[in-house]
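The block underneath contains the structure these notes are about, expressed in structure tokens.
2 protein chains.
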Amino acid sequence: MSTEQEPTTPQDELSQVPSTQQPEAEDHAAALDELQDRWRRALADLDNLRKRHAKELERERAAERARTAAAWLPILDNLDLALAHAGSDPSAVLEGVKAVRDQAVDVMRRLGYPRYEETGVPFDPTRHEVVVAADDPDAEPNTVVQVVRPGYGEGENQLRPAAVMVSKRQE
Amino acid sequence: MSTEQEPTTPQDELSQVPSTQQPEAEDHAAALDELQDRWRRALADLDNLRKRHAKELERERAAERARTAAAWLPILDNLDLALAHAGSDPSAVLEGVKAVRDQAVDVMRRLGYPRYEETGVPFDPTRHEVVVAADDPDAEPNTVVQVVRPGYGEGENQLRPAAVMVSKRQE
Numbered sequence: 001m002s003t004e005q006e007p008t009t010p011q012d013e014l015s016q017v018p019s020t021q022q023p024e025a026e027d028h029a030a031a032l033d034e035l036q037d038r039w040r041r042a043l044a045d046l047d048n049l050r051k052r053h054a055k056e057l058e059r060e061r062a063a064e065r066a067r068t069a070a071a072w073l074p075i076l077d078n079l080d081l082a083l084a085h086a087g088s089d090p091s092a093v094l095e096g097v098k099a100v101r102d103q104a105v106d107v108m109r110r111l112g113y114p115r116y117e118e119t120g121v122p123f124d125p126t127r128h129e130v131v132v133a134a135d136d137p138d139a140e141p142n143t144v145v146q147v148v149r150p151g152y153g154e155g156e157n158q159l160r161p162a163a164v165m166v167s168k169r170q171e
Numbered sequence: 001m002s003t004e005q006e007p008t009t010p011q012d013e014l015s016q017v018p019s020t021q022q023p024e025a026e027d028h029a030a031a032l033d034e035l036q037d038r039w040r041r042a043l044a045d046l047d048n049l050r051k052r053h054a055k056e057l058e059r060e061r062a063a064e065r066a067r068t069a070a071a072w073l074p075i076l077d078n079l080d081l082a083l084a085h086a087g088s089d090p091s092a093v094l095e096g097v098k099a100v101r102d103q104a105v106d107v108m109r110r111l112g113y114p115r116y117e118e119t120g121v122p123f124d125p126t127r128h129e130v131v132v133a134a135d136d137p138d139a140e141p142n143t144v145v146q147v148v149r150p151g152y153g154e155g156e157n158q159l160r161p162a163a164v165m166v167s168k169r170q171e
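Protein sequences appear in the order of chains A and B.
Each residue of the first sequence is one higher than the one before, starting from 1 at the first, in full-length UniProt numbering.
Each residue of the second sequence is one higher than the one before, starting from 1 at the first, in full-length UniProt numbering.
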């Protein structure tokens, strides 16, 4: 019983099944045997497909994990480089680390999780998590006045909301 | 036609199928109809399983990507923190960056890709990529004398081999 063979559609195969109107009992028995065989094969295909899917799922998960982790290799390499050159010039290290941070933000963006840290925008409960409500007479009420921790990704692809300070609503 | 219903095993259902030895043509026709119905249902299940699996695969890929990327959020946060405190004390920045690098190496390890950068070990083509063969009279021949770039992960989970300098084989 081949498991690789694609089953044909019901329409295709049914047209080849001997008619149920045939008068001879022998023909009926043969038709029944053939149908039983096809049905058994379909159930076996179903079973094999399930097993194959479970394996495929595991393989794809591992591949996605490897792809995502590999995107961070340059960050690690550049942290190593920044530290290797640390002895010579501390301010150069600082520049190097800034560049690595920007590169890491870009890795997140390319993976589908852009960073957001805007202030002055209206509070949005789907993107912002309020850590403190601030009394700020100069700010519009219910507005992000400071981002304590940036957010990454949006909607279904949100890794985390931005942690923000929001101006109080006017009483 | 329900797609959620688990099909019973061929053994179960075949035992309920009227015997092919029944003499009456009517009974045969009924048995044939029932078998056709079961077979059609199995093919429909097969089709639905395929569609469901394609969706599941996409969902699981996205979930794995999010899980893996989220492991890097603390690294980004700590790079931000190191830079935020940069003005005060350059040597403190250096300590902070070292800690971030070690943390990043640990993220890789937890994701299943431990770092390796040993020297003095025999050259292993599955873990090492030779960037240069060195004349080193003090070293055992065919030994890793320097790691130019660490490797991450091993075997099936290898992200990349270590780039190394290897002492030449003795002539």
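No residue lacks a Cβ here, since even glycine has one placed at the ideal position from N, Cα and C.
- Cβ-Cβ distances below 7 Å link A:Glu-140 to Ser-167 in the same chain, with the five nearest sequence neighbours on each side left out; the list follows chain order.
- Residue burial annotation: A:His-128 is buried, with at least 16 other C-beta atoms found within 10 angstroms of its C-beta.
- Proximity of chain B to A:Val-100 at the Cβ level (cut-off 8 Å) is accounted for by Leu-79, in chain order.
- Listed along chain B, the residues sitting closer than 8 Å to A:Arg-38 by beta-carbon distance are Trp-39.
- Cα atoms of B:Val-100 and B:Asp-45: separation of roughly 51 Å, rounded to the nearest angstrom.
- For A:Arg-65, a Cβ of chain B is located within less than 7 Å of the residue's own Cβ.
- Cβ-Cβ separation between B:Leu-159 and A:Trp-39: approximately 47 Å, too far for a contact (criterion under 8 Å).
- Judged by DSSP secondary structure, A:Gln-36 falls within the alpha helix (DSSP H) whose first and last residues are 25–70.
- Close to B:Tyr-116, with beta-carbon spacing below 9 Å, lies no residue of chain A; the smallest spacing is near 13 Å.
- Annotation: the continuous beta strand (DSSP E) that includes B:Ala-134 extends over 128–134.
- Residue pairing for A:Met-165: DSSP places it in a beta bridge opposite A:Val-132, A:Gln-146.
- The way I'd put it, the segment 98–113 of chain A doesn't touch the segment 130–144 of chain A; fewer than three beta-carbon pairs between them come closer than 8 Å.
- In this structure, B:Asn-157 places its C-beta atom within 7 Å of the C-beta atom of B:Gly-112.
- Residue-level contact by beta carbon holds for A:Arg-61 and chain B, with a gap shorter than 7 Å.
- Straight-line spacing of the CA atoms in B:Glu-95 and A:Gly-151 works out to 26 Å.
- Between B:Ala-29 and A:Leu-32, the C-beta spacing is not below 7 Å.
- Using a Cβ-Cβ cut-off of 7 Å, B:Asp-45 is close to Leu-46 of chain A, given in chain order.
- Beta bridge pairing from DSSP links A:Arg-160 with A:Tyr-152.
- The contact set of A:Thr-68 on chain B, defined by CB atoms closer than 7 Å, consists of Arg-65, Thr-68, Ala-69 in chain order.
- B:Arg-169 does not reach chain A, its nearest Cβ partner there being about 29 Å away, counting only Cβ pairs nearer than 8 Å.
- Between the segment 63–73 of chain A and the segment 45–65 of chain B there are three or more C-beta pairs closer than 8 Å, enough to call the two in contact.
- Nearest to B:Pro-74 by C-alpha distance, out of B:Glu-58, B:Lys-55, B:Val-107, B:Val-93, is B:Val-107.
- The beta carbon of B:His-85 sits no closer than 7 Å to any beta carbon of chain A.
- When C-beta distances to chain B are compared with 9 Å, the residues of the segment 109–140 of chain A below that value are Leu-111, Gly-112, Tyr-113, Arg-115, in chain order.
- When Cβ-Cβ separations below 7 Å define contact, A:Val-97 makes contact with chain B.
- For a Cβ distance threshold of 8 Å, residue set Pro-90, Val-93, Leu-94, Val-97 of chain B lies close to A:Val-93, ordered along the chain.
- A:Pro-114 carries a coil assignment under DSSP once its states are collapsed to helix, strand and coil.
- Counting only residues of its own chain and dropping the five nearest sequence neighbours on each side, A:Glu-58 has no CB closer than 6 Å to any other CB.
- In this structure, DSSP gives A:Pro-74 a helical state, which the three-state scheme calls helix.
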